[in-house]
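Residue numbers (the numbering used here), protein chains in the order written: chain U, 1 to 342; chain F, 1 to 371; chain E, 1 to 258. Where a beta carbon is used, it is the ideal one built from N, C-alpha and C, also for glycine. Take a look at the structure below.
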Amino acid sequence: MSLGSLPPVTTDPASARPGAPDQPVPSLPRTAGRTAERRGDRAFRGLSLSAGLSLLGIILAIAVFLVVKAIPALQDNTASFLTDRVWDPNNAQPAFGIVALAFGTVLSSVLALLMALPVALGVALFISHVAPRRLAGVLGYVIDLLAAVPSVVYGLWGIFFLNDKVVVASAFLHEHAGWFPLFGGDDIFGRSIFLASIVLAIMILPIIASLSREVFLQVPVSQQEAALALGATRWEMIRTAVLPFGKPGVIGATMLGLGRALGETIAVAIVLSPAFVVSLDILSTNSGNTIAANVALGFAEASSTGRGALIASGLVLFAITLVVNVIARAIIYRRREFAGAL
Amino acid sequence: MTSSAQTSRASRVLVAVSCVAVLAACGTDEQRPFDQASDGQPAGQIACADGSLTAAGSSAQKNAMDEWVRAYQSACKASTINYQPSGSGAGIEQFVAGTVAFAGTDSSLKDQEVVGATARCKGAPALNLPMVIGPVALAYNLPGVPELVLDAPTIAKVFSGVVTTWDDPAIAALNPQAKLPSSRIQPFVRSDESGTTDNLQKYLKAAAPAQWTFGTGKKFAGPGNQSAPKSDGVTQAVKTTPNAISYVEVSFAENAGLDVARIATGASAPVELTTESAAEAVESATVKGSGNDLALELDYATKDEGAYPIVLVTYEIACQSGNDPASLPLVKSFLAYTASEAGQDQLEGAGYAPLPSSLRKKVEASVQSLS
Amino acid sequence: MAKRIESVGLSAYYGGFRAIEDVSVVIEPKTITALIGPSGCGKSTFLRTLNRLHEVVPGARVTGQLLLDDEDIYGPGVDATGVRRTIGMVFQRPNPFPTMSIYDNVAAGLRLNGVKRKGVLDDAVERSLQGANLWKEVKDRLTKPGAGLSGGQQQRLCIARAIAVEPQVLLMDEPCSALDPISTLAIEDLMTELKDRFTIVIVTHNMQQAARVSDRTGFFTIEATGEPGRLVEIDDTQKIFSNPGEKRTEDYITGRFG
Ligand SMILES: Nc1ncnc2c1ncn2[C@@H]1O[C@H](COP(=O)(O)OP(=O)(O)OP(=O)(O)O)[C@@H](O)[C@H]1O
Ligand SMILES: [Mg+2]
């Protein structure tokens, strides 16, 4: 076989550089090899391109659908969609505004994130770098399991089990730290934004923990040993080698968690006593509502205007999620030179 | 692979467990009634028709339809009936669009809906056929007070934050015997949009116009209440919250073992919620429809003896004529069954009240007239 | 500053597997000791027992004594991190912290030691980079990521990082195996300079390198796979390469083995 003497035609394009001397190349087989390769390349490129384009197409189609469905309702709206705190779109005089919903959505999700993130990182680090291997395996399995539990379960657990406890804790916080802006307000009977945030935090915790653990396990041993060889303690090693390396991944995991919190419908609908207010009194009953929960509660019995209004609110949720993701991208992009992956 | 398969299996188990534990939120197919379950008993004689039909609408009718469909299909093996509880508004829209054979709705057709419905019926009127009566209970959780009487103005005040404690003079005056605590009332309303809420608000507007100034609709309009989703949600909230009160379909209150208030209507004695007292209220309603249309004008402010005023009457909407000939026999056969005595009795188990017999016979006649 | 190392009957295990057995050796201060031997004979393992890095591998343990100027670093109550702060290490593959700038890489060890003052850090960074022969090449791009340097530069950055904390011993595990001859020479020169301040132990597969830079050379070998590695002999480099005491050493050096 004359091909036997050829340099391998695969992989490295530099090795097949044209004009390289002393390569007595019989042109026919080489060309054949290259076109075969080209064809594979082209097929792959076409496939991935169409996959990417169809994803964009789907997103675009969703956006167009939402806009088209929302416009008639927005035209019928007798209130200001962007500033009014009412939601009565099924009325003969439809009136609905997004501001209370958007505020409650962002507030509950941000609170959930603030509660979940430190714990999730702790859990992830414990599993990846502290726990004995056996325990780490069990814990990792449990976390993955929790991440797969459907949200209705969290909602039911939140209302049946957690609500009472959160009322007690809320009353305590209100009494002893009432000066703190979030802990004001009266009517501490449960079903508050605080409860919703806690439920959301518990829901997103396993997601963030599970993904972060994966990222932390990816940190090359060589870098961890570099830190240890400098005399780092385990915690110092985690701070110098593990956390910075994992940062983009953790941000990604956080965004995924935040996305789930922002879009969570049923769990929030179950635990929350919704109100169309813009309020920081998270401990109070009727302290807010979220876009997704409002859709869940209103969709079944909505008139066509009502459905249009809910879709318009969905559009706002879409926008909020988009903004959050853009911010995350920007954070990662700003430090891209220092990205962990070598 | 294996691990993800195991995970999803585990989570399915969790869901199943949670459904068993709370019988909530996972669908209420299993709602079992106060009297007796009528499991699989093909009630009475059914004049079967073959084929399949799709209907949609009121979710308040869901349990009734499930019962009926089960009984009907087990008697008539060659039939398939599919009722989608997509909500009254959506059901009527689908009816107008011609995608369903009939629609279920919590309130008779509104003027703006009649136009489209008539067009769908090729110019013939669309009939409102009262079919399912759902009494709404005022359920409360007040240890030591097993008997409670309320009237419309007091209910209005409780659900608008005017009366805030159980020993308020307004309540005390209606309950001279009861030992009312001074604790704060925790009124719960539905956080989702619901025909039950609409019904209560209609009642309050009619029977206590001076106190209930917040209007009607499927969304609760009064200020300052706590809320929970769906009938299961409010029922559970009342059950677990001392000093709570709410309004739910009677079957939920009964199943949860909640105390139910009697209503002082101006009749000689406060009216207890029973199937008879609910039927009595419907009996005293006037038919506002003409011909075979049986749309009712319910008198929420009724003072008739033994008439319980807070009842939800839901309708099936079907074309007087111009029905799809393919599904017409099945529509007639099925609705004839639901309007029959056997069909109505079938529901008693599911927390509904049967149609009073005079009205029921009119409905049967209207169903027979469909073409 | 530089310290003397003495191992007494040292064995190292990975779980149940004994990787090296009964190594007893003395390494004098301010010398360069080269460790040679066939692949898998336990050179890296031995090197990593010297700064207690061996034990970070799950299930790994060490028996025997290891004296650093008469103090047993495996003795009770001795803190491994403290040991590692006095014994620096350079790895086979350059491993700068990818998320850190050149400056931060060099300052990392000092920061771990609690040095915060910018002036002190600046001085140490410059001194270490100069010590590692890298200062001229990077002085204008100290804030750029360390991972953006060439392989040889990265390895010298790692040396700078290791010597910034002024350790008393410097361990190098095949530091030039990924480098070109010029970078290799630069690092060899560097070792000769550093020897004035540090005790250096280097693992290498390159006989010429061992012959060029080291004062003493130790030969490890392994009888068969699954057997533990043993130190065959250690002697002056001159002697090992001209007139080794053991036949096995001679075979290895002349290329008749491994
Ligand atoms: N992390 C580990 N876990 C288990 N066994 C290991 C581990 N690292 C090394 N070993 C084993 O210990 C023995 C010695 O390995 P070591 O890396 O010390 O050899 P070496 O002499 O440095 O080889 P090379 O010249 O190829 O680097 C080998 O049999 C190796 O397979
Ligand atoms: Mg090695």
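Next on the checklist: Is it buried or exposed, residue 52 of chain F, if we count other Cβ atoms within 10 angstroms and call 16 or more buried?
Outcome noted: Looking up residue 52 of chain F in the second sequence gives position 52. By the 10 Å Cβ count, residue 52 of chain F comes out exposed.
Item to check | residue 23 of chain F classed as buried or exposed, judged by whether at least 16 other C-beta atoms fall within 10 angstroms | outcome: Start at 1 with the first residue of the second sequence, and residue 23 of chain F comes out as number 23. Its pLDDT being 33, under 50, residue 23 of chain F is placed unreliably in this model, and the value from its coordinates should be taken loosely. Looking at its Cβ environment, which holds 16 or more other Cβ atoms inside 10 Å, residue 23 of chain F is buried.
Checklist entry - Can you list, in chain order, every residue whose CB sits closer than 5 angstroms to a heavy atom of ligand 1? => result E/14, E/19, E/39, E/40, E/41, E/42, E/43, E/44, E/45 and E/57
Next on the checklist: According to DSSP, simplified to helix, strand and coil, what is residue 38 of chain E?
Outcome noted: Mapped onto the third sequence, residue 38 of chain E falls at position 38. Coil, per DSSP.
Next on the checklist: Let me make sure I understand the geometry here. Which of F/363, F/326, F/325 and F/329 has the alpha-carbon closest to that of residue 343 of chain F?
Outcome noted: Looking up residue 343 of chain F in the second sequence gives position 343. Between residue 343 of chain F and the set F/363, F/326, F/325 and F/329, the nearest pair of CA atoms involves F/363.
Item to check | Residue environment, residue 305 of chain F, which counts as buried when at least 16 other CB atoms sit within 10 Å | outcome: Working through the second sequence from its first residue, we reach residue 305 of chain F at position 305. Residue burial is scored here from C-beta neighbours: residue 305 of chain F has fewer than 16 other C-beta atoms within 10 angstroms and is therefore classed as exposed.
Checklist entry - Can the beta-carbon of residue 121 of chain F be found closer than 8 angstroms to that of residue 369 of chain F? => result In the second sequence, counting from the first residue as 1, residue 121 of chain F sits at position 121. In the second sequence, counting from the first residue as 1, residue 369 of chain F sits at position 369. Against a cut-off of 8 angstroms, the Cβ pair of residue 369 of chain F and residue 121 of chain F comes out as no contact.
Checklist entry - Would residue 237 of chain E be called buried (16 or more neighbouring beta carbons within 10 Å of its own) or exposed? => result Start at 1 with the first residue of the third sequence, and residue 237 of chain E comes out as number 237. Burial call: buried.
Next on the checklist: Just to confirm the assignment, what range does the beta strand (DSSP E) spanning residue 54 of chain F have?
Outcome noted: Residue numbering aside, residue 54 of chain F sits at position 54 when the second sequence is read from its first letter. That run of the beta strand (DSSP E) goes 51-57.
Next on the checklist: For residue 68 of chain E and residue 4 of chain E, what's the separation of their Cα atoms in angstroms?
Outcome noted: As a working note, residue 68 of chain E is residue 68 in the third sequence. As a working note, residue 4 of chain E is residue 4 in the third sequence. Those two C-alpha atoms are separated by around 6 angstroms.
Checklist entry - So is residue 60 of chain F buried or exposed if we call it buried at 16+ other beta carbons inside 10 Å? => result In the second sequence, residue 60 of chain F corresponds to position 60, counting from 1. Answer is buried; the Cβ neighbour count reaches 16.
Checklist entry - Is the shortest distance between the beta-carbon of residue 31 of chain F and the beta-carbons of chain U less than 8 angstroms? => result Within the second sequence, numbered from 1, the residue matching residue 31 of chain F stands at position 31. No answer about residue 31 of chain F holds up, because its pLDDT of 34 lies below 50 and its placement is not dependable.
Checklist entry - To which residues does DSSP link residue 319 of chain F through a beta bridge? => result Position 319 of the second sequence, counted from the start, is the residue given in the question as residue 319 of chain F. F/126, per the DSSP bridge assignment.
Next on the checklist: Following a CB-centred definition, is residue 203 of chain E positioned closer than 7 angstroms to any heavy atom of ligand 4?
Outcome noted: Among the ligands present in this structure, namely ligand 1 and ligand 2, ligand 4 is not found.
Item to check | Positions along the region 258-270 of chain U whose CB lies within less than 9 angstroms of some CB in chain E | outcome: none
Next on the checklist: Looking at the strands, I want to know which residues DSSP matches up with residue 79 of chain F.
Outcome noted: Walking along the second sequence from the start, residue 79 of chain F turns up at place 79. Looking at the DSSP assignment, residue 79 of chain F forms a beta bridge with F/51.
Checklist entry - Any chance the region 179-193 of chain F sits against the region 223-233 of chain F, with 3 or more Cβ pairs inside 8 angstroms? => result With a cut-off of 8 angstroms on Cβ pairs, the region 179-193 of chain F is in contact with the region 223-233 of chain F, counting three or more such pairs.
Checklist entry - Is the shortest distance between the beta-carbon of residue 132 of chain E and the beta-carbons of chain U less than 8 angstroms? => result Working through the third sequence from its first residue, we reach residue 132 of chain E at position 132. Under the Cβ criterion of 8 angstroms, residue 132 of chain E is not counted among the residues facing chain U.
Next on the checklist: On the criterion of 16 or more Cβ atoms from any shown chain inside 10 Å, does residue 65 of chain U qualify as buried, or is it exposed?
Outcome noted: Stepping through the first sequence from its first residue, residue 65 of chain U is reached at position 65. It counts as exposed.
Next on the checklist: Taking the alpha-carbon of residue 263 of chain F as reference, which of F/144, F/307 and F/284 has the nearest alpha-carbon?
Outcome noted: Position 263 of the second sequence, counted from the first residue, corresponds to residue 263 of chain F. The shortest Cα separation from residue 263 of chain F among F/144, F/307 and F/284 belongs to F/307.
Checklist entry - Just curious, the alpha helix (DSSP H) that residue 245 of chain U is in, first and last residue? => result Position 245 of the first sequence holds residue 245 of chain U. Start and end: 243-263.
Item to check | Cβ-based neighbour list, residue 44 of chain U, same chain, cut-off 6 angstroms, excluding 5 preceding and 5 following | outcome: For the purposes of this step, residue 44 of chain U is identified with residue 44 of the first sequence, where counting begins at 1. Counting only Cβ-Cβ distances below 6 angstroms, and skipping sequence neighbours, we find nothing.
Checklist entry - At which residues does the beta strand (DSSP E) containing residue 20 of chain E begin and terminate? => result The sequence position of residue 20 of chain E within the third sequence is 20, counting from 1. Run containing residue 20 of chain E: 17-27, per the beta strand (DSSP E) assignment.
Item to check | For residue 207 of chain E and residue 253 of chain E, the rounded distance between their alpha carbons | outcome: What you label residue 253 of chain E is simply residue 253 of the third sequence in a count that begins at 1. What you label residue 207 of chain E is simply residue 207 of the third sequence in a count that begins at 1. Looking at the backbone, the Cα of residue 253 of chain E and that of residue 207 of chain E are separated by about 7 angstroms.
Item to check | Backbone CA spacing between residue 258 of chain E and residue 39 of chain E [nearest angstrom] | outcome: If you number the third sequence from 1, residue 258 of chain E lands on position 258. If you number the third sequence from 1, residue 39 of chain E lands on position 39. Note that residue 258 of chain E scores a pLDDT of 45, beneath 50, so its modelled location is shaky and nothing firm can be said.
Checklist entry - Any beta-carbon of chain U closer than 8 angstroms to the one on residue 175 of chain E? => result Stepping through the third sequence from its first residue, residue 175 of chain E is reached at position 175. So, not an interface residue.
Next on the checklist: Which runs of the alpha helix (DSSP H) at least 4 residues long sit entirely within the region 231-294 of chain F? Give them in chain order.
Outcome noted: DSSP runs (the alpha helix (DSSP H)) wholly in the region 231-294 of chain F: 250-255 and 275-283.
Checklist entry - Roughly how many whole angstroms lie between the Cα atoms of residue 31 of chain F and residue 172 of chain F? => result Position 31 of the second sequence holds residue 31 of chain F. Position 172 of the second sequence holds residue 172 of chain F. Reliability of the predicted coordinates at residue 31 of chain F is poor, the pLDDT of 34 falling under 50, and the value obtained from them is presented with this limitation in mind. Residue 31 of chain F and residue 172 of chain F have their C-alpha atoms spaced approximately 35 angstroms apart.
Item to check | residue 200 of chain E versus residue 211 of chain U: straight-line alpha-carbon distance, rounded | outcome: Within the third sequence, numbered from 1, the residue matching residue 200 of chain E stands at position 200. Within the first sequence, numbered from 1, the residue matching residue 211 of chain U stands at position 211. Rounded to the nearest angstrom, the two C-alpha atoms are 42 angstroms apart.
Item to check | Contact residues within the region 209-228 of chain F, judged by C-beta distance below 9 angstroms to chain U | outcome: 215, 217, 218, 219, 221, 224, 225, 226, 227 and 228
Item to check | the region 283-302 of chain F contacting the region 92-106 of chain F, beta-carbon criterion three pairs below 8 angstroms | outcome: no
Checklist entry - Does any C-beta atom of chain U lie closer than 8 angstroms to the C-beta of residue 59 of chain F? => result The sequence position of residue 59 of chain F within the second sequence is 59, counting from 1. Interface residue, yes.
Checklist entry - DSSP on residue 120 of chain E, reduced to helix/strand/coil? => result For the purposes of this step, residue 120 of chain E is taken as the residue at position 120 of the third sequence. The answer is helix: DSSP assigns residue 120 of chain E an H, G or I state.
Item to check | Beta carbon proximity, residue 165 of chain E to chain U, threshold 8 angstroms | outcome: Here residue 165 of chain E is taken as the residue at index 165 of the third sequence, counted from 1. Closer than 8 angstroms to some Cβ of chain U, the Cβ of residue 165 of chain E qualifies, so yes.
Checklist entry - When Cβ atoms are compared, which residues of the region 219-238 of chain U fall closer than 7 angstroms to chain E? => result Within the region 219-238 of chain U, the residues whose Cβ lies closer than 7 angstroms to some Cβ of chain E are 222, 223, 225, 226, 228, 229, 230, 231, 232, 233 and 236, listed in chain order.
Checklist entry - Can you list, in chain order, the residues of its chain whose CB lies under 6 angstroms from that of residue 244 of chain F, leaving out five sequence neighbours each side? => result Taking the first residue of the second sequence as position 1, residue 244 of chain F is located at position 244. The residues are 141, 186, 188 and 238.
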